[in-house]
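The structure appears below as structure tokens.
Protein chains: 2
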Amino acid sequence: MKKSRRSGKVTLSDVAAAAGVSAITVSRALRDSSTVSEGALARIERAVADLGYVPNVAAQALASNRTNIIGAIIPSVTNNVFSDVLKGIYNAIEGTPYQLQLGNTRYTVLEEERLVRTFLSQRPAGLIVSGIDQSPATRELLKTSGVPVVQIMETGPDPIDLMVGFSHRLAARAAVEHLIEAGYRRIAFLGARMDPRTQRRLLGYRDALGDAKIDEDLIMTTPRPSSVILGGHLLGDLLARRPDVDAVFCNNDDIALGALFEAQRRNIAVPSGLGICGFNDLEYMEAATPSLTSVRTHRLQMGATAVELLARAIEGNRPEADVVDLGFDVTPRESTRR
Amino acid sequence: MKKSRRSGKVTLSDVAAAAGVSAITVSRALRDSSTVSEGALARIERAVADLGYVPNVAAQALASNRTNIIGAIIPSVTNNVFSDVLKGIYNAIEGTPYQLQLGNTRYTVLEEERLVRTFLSQRPAGLIVSGIDQSPATRELLKTSGVPVVQIMETGPDPIDLMVGFSHRLAARAAVEHLIEAGYRRIAFLGARMDPRTQRRLLGYRDALGDAKIDEDLIMTTPRPSSVILGGHLLGDLLARRPDVDAVFCNNDDIALGALFEAQRRNIAVPSGLGICGFNDLEYMEAATPSLTSVRTHRLQMGATAVELLARAIEGNRPEADVVDLGFDVTPRESTRR
DNA sequence: AGGAAACAAGACAGCGCTATCATTGTCAAC
DNA sequence: GTTGACAATGATAGCGCTGTCTTGTTTCCT
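Chain order of the listed sequences is A and B. Quick note, the first sequence lines up with residues 697 to 1034 if you use the numbering used here. Quick note, the second sequence lines up with residues 697 to 1034 if you use the numbering used here.
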């Protein structure tokens, strides 16, 4: 007797036989119940429940040449900023028919390109990519794929398709303007991992200082990945070079927290001796002693909006605006109040 | 003329035609090149490159009734602990043929069960689940699936299949023993989100106090999700109830950091007036002023080991030991040095 | 030289589903 | 009564790949 290759699972035909209809009717009933008569639908639903039928997604994908996968490609899973965005994505995807698949570039453009290729080969329903600095090849792949794409984290000119984020340059500028208004004049920029977003924040820092006609030669950066410890080191190095600095604009909150701890270690009073401003407004900024000024960004909402834009585009009713700017809020706290 | 349903992509047969062999030979060449002659292999490789052939994973999955998907199901993407584990998983999975698919339970057993069902219906190569507190139905599903499964985060009796983690009870006990050795006697437990792992840490806390014959009625907990701010609140509530407390064992580092900030706010000297010990040893613990004692857990290695165990099990050579205990290290720092 | 064993490659069918076209029955409009 | 529109359902043929079996070819041993 010929050995069957069947997986042992309940198939559409089994359901069809149990419900007394043909397989195709079951298929239709499950995809769009309005196309099937009430009686048949009821019998099919019973049969599905009785037999414990679970559709085979591979067969669905092969036959229909599409999937319900939304791919999200982010640089890091451990960075709090991206994990918040991811949380927003998960929240929004719940209750939709879509399933999330995650890719992790580790901040390299090449890995991003590889991931885009891998994801596209699976014919995803939509794709979420981070930032606006894709390689030309990646942009081309995405543009010609026919798959809806959302770029998140940042706004900028020339979106691949859809976009949701904010201007890092304007946000940094607003933060530094806040420091200037608070009376600080020798304001340094502390930054790690000078990725493109960081570079644009540096531009915003320069914009603000330029407008206020302030000497700007107070930039401490390192290519190393950001961390709280590194924030302390950066402040230490800065103070060694320029002991007269009176405030630091930190490229992110980890660095700001590290700077605070370093200041405490050196008995530098914050905010009177040193003003500290971070970026992103992670949860601990409010809890710190003194509480730390930061720039609030809308990360959960960014993830949620990305999914909403994508869902609409997939379903054919594209939103009027391709680019959604969620803005930011400078959130002054004790660390810059003097 | 009949309209073709073809996806427009290059298929195996296209490659086969270009290489002058049959489709099945190309399939074999791509899966195990040793089964094909050198000449044919070279021609096939050329054809693949020339045509830009990308396999259709849905067709592969349907025909072979298996995939190269490893599913990972974790409670939260924003919790640093899990994101570190996830990073370890991604690191280890690179260079293997497997692809990661992530599920997010948000700390609910029901969602976990749903995700396990969804993942299993895709016939994954292996599955990673978090903790040892799966529902009986989930355990049964996993056990009968035939899919290799690793439970991560914790060790315990009766593994579903494979297991890698450590004993939270012993780790908490060791931390509290450290506090006792440092001379603290009125030691409180601060905990948020009393999930099963937290409960077992509480047991460890009680073990240590019981052994030292110390009164243990100093437990402050809340069902709310953990955060730095909450750590401050918990310490505040504790001090209102028991101003004579001399040390806190915090269920995680966020709470420990919040407790430190709250102590600073109240001008309570750490470690002389209050000892603080956290759990997990996140990066900022070392950077804090004073640096914070914690229990180091091997999160990256946990993720990596999970993938290794799984890969071995998938390939048929199961490891000798089903359960890998990665242990922990109490890491004493300034916050408990008196 | 003869035959077993090992190797290389192909034929064929089918995995479980959906696109497409065809068929049937019902009912309102003329 | 005929017609056409529409709703409900079915038959058929794949989607692109791999499992299984078969056929041909080479190698090596006795």
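Here a beta-carbon is modelled for each residue, glycine too, at the ideal position from N, C-alpha and C. A quick note: this is a predicted structure, and the numbers were derived from the prediction, not measured.
With distance defined between alpha-carbon atoms, name the residue in the options nearest to residue i.
| i | options | result |
| --- | --- | --- |
| Y749(B) | A715(B), D780(B), I765(B) | A715(B) |
| R893(A) | L970(A), I925(A), I848(A) | I848(A) |
| T918(A) | D891(A), V812(A), A1009(A) | D891(A) |
| K909(A) | P921(A), I876(A), G799(A), G928(A) | I876(A) |
| P1015(A) | D903(A), V773(A), G799(A), V845(A) | V845(A) |
| A1000(B) | N976(B), Q960(B), M859(B) | M859(B) |
| D907(A) | E836(A), H874(A), S923(A), S922(A) | H874(A) |
| L806(A) | G887(A), G767(A), S831(A), Q795(A) | S831(A) |
| R1034(B) | G969(B), G842(B), G735(B) | G969(B) |
| R896(B) | G827(B), G927(B), G842(B) | G827(B) |
| A755(A) | A743(B), A736(B), R819(B) | R819(B) |
| M981(A) | G887(B), V924(B), V717(B) | V924(B) |
When you compare only the Cα positions, how much space is there between residue i and residue j?
| i | j | result |
| --- | --- | --- |
| L934(A) | G1012(A) | 53 Å |
| I964(A) | D913(B) | 39 Å |
| S817(B) | T721(B) | 30 Å |
| A884(B) | E809(A) | 51 Å |
| D829(B) | G767(B) | 18 Å |
| S863(A) | Y786(B) | 30 Å |
| R739(B) | V732(B) | 11 Å |
| F975(A) | D728(A) | 47 Å |
| E836(B) | P855(B) | 12 Å |
| A936(B) | G861(A) | 44 Å |
| R1008(B) | A745(B) | 31 Å |
| N752(A) | I770(B) | 24 Å |
| L1005(B) | A904(A) | 53 Å |
| N775(B) | A1017(B) | 29 Å |
| S779(A) | I1010(A) | 24 Å |
| G791(B) | A1002(B) | 15 Å |
| N948(B) | G879(A) | 38 Å |
| N761(A) | I824(A) | 20 Å |
| R871(B) | S723(A) | Arg is not the amino acid found at residue 871(B); the sequence shown has Ala there. Using only the alpha carbons, I get a separation of about 58 Å. |
| Q797(B) | A757(A) | 17 Å |
| T801(B) | P939(A) | 49 Å |
Tell me which residues share the same chain as residue i and place their Cβ nearer than 6 Å to its Cβ, disregarding the 5 neighbours each side in the sequence.
| i | result |
| --- | --- |
| A867(A) | V991, F1024 |
| D977(A) | S990, R992, T1027 |
| R889(A) | P921, S922 |
| R799(B) | In the sequence under discussion, the amino acid at residue 799(B) is Gly, which differs from the Arg named in the question. The answer, listed in chain order, is I769, L811. |
| S772(B) | F778 |
| S841(A) | L816 |
Give me, in chain order, the residues of the same chain whose beta-carbon lies closer than 7 Å to that of residue i; leave out the 5 immediate sequence neighbours on both sides.
| i | result |
| --- | --- |
| S709(A) | A719 |
| L747(B) | V706, D710, V711, A714 |
| K783(B) | L996, G999 |
| K839(B) | I856 |
| V843(B) | L816, P820, G822, L823 |
Between residue i and the rest of its own chain, which residues show a CB-CB distance below 8 Å, the 5 nearest in sequence each way excluded?
| i | result |
| --- | --- |
| K698(B) | Caution is warranted here: a pLDDT of 44 is assigned to K698(B), below 50, making its placement in the model unreliable, and no coordinate value can be reported. |
| I972(B) | A943, V944, C946, A952, A955, L956, A959, V966, L988, T989, S1031, T1032 |
| V1019(A) | T851, P855, L858, M859, V860 |
| G928(B) | G954, A955, F957, E958, R961 |
Under 9 Å between beta-carbons, which chain A residues line up against residue i? List them in chain order, please.
| i | result |
| --- | --- |
| G954(B) | Y980, A983 |
| I861(B) | Per the sequence shown, the amino acid found at residue 861(B) is Gly instead of Ile. Simply none; closest approach about 19 Å. |
Show which residues of chain B have a CB atom less than 8 Å away from the CB atom of residue i.
| i | result |
| --- | --- |
| L782(A) | V773, T774 |
| G944(A) | A small correction: the amino acid at residue 944(A) is Val; Gly does not occupy that position in the sequence shown. The contacting residues do not exist; V944(A) stays about 16 Å from chain B at best. |
| G928(A) | A983 |
Using the beta-carbon of each residue, which ones in chain A are nearer than 7 Å to residue i?
| i | result |
| --- | --- |
| A754(B) | A754, A757, L758 |
| S923(B) | E979 |
Which residues in chain B have a C-beta closer than 9 Å to the C-beta of residue i? List them in chain order.
| i | result |
| --- | --- |
| G822(A) | Within chain B, no residue comes near G822(A); the closest Cβ sits about 16 Å away, beyond 9 Å. |
| I964(A) | Neighbours of I964(A) on chain B: none; closest Cβ ~11 Å, over 9 Å. |
| T881(A) | Correcting the residue identity first, residue 881(A) is Arg in this sequence and not Thr. The premise fails here: R881(A) is roughly 26 Å from chain B at the closest Cβ pair, so nothing lies under 9 Å. |
Quick one: list the residues of chain B neighbouring residue i, beta-carbon separation under 7 Å, in chain order.
| i | result |
| --- | --- |
| Q797(A) | Q797 |
| R961(A) | T985 |
| V722(A) | Simply none; closest approach about 17 Å. |
| S779(A) | V773, T774, S779 |
| F957(A) | A983, A984, T985 |
| Y794(A) | Going along chain B, no residue has its Cβ under 7 Å from Y794(A), so there is no contact; the nearest lies around 12 Å. |
Of all the residues that make up the region 1018 to 1030 of chain A, which are near chain B by a beta-carbon distance shorter than 7 Å? Per Cβ criterion, the list is empty.
Quick one, which residues of the region 799 to 810 of chain B are near chain A if we go by CB-CB under 7 Å, in chain order? N800
If you measure beta-carbon to beta-carbon, which residues of the region 894 to 910 of chain A are closer than 8 Å to chain B? None of the residues of the region 894 to 910 of chain A has a beta carbon lying less than 8 Å from any beta carbon of chain B.
Residues within the region 726 to 750 of chain A neighbouring chain B, beta-carbon criterion of under 8 Å: Closer than 8 Å at the C-beta level to chain B, one finds these residues of the region 726 to 750 of chain A: V750.
In the region 814 to 844 of chain A, which residues sit with their C-beta less than 9 Å from some C-beta in chain B, listed in chain order? Taking 9 Å as the cut-off between beta carbons, the residues of the region 814 to 844 of chain A near chain B are T814, L816, S817, Q818, R819, in sequence order.
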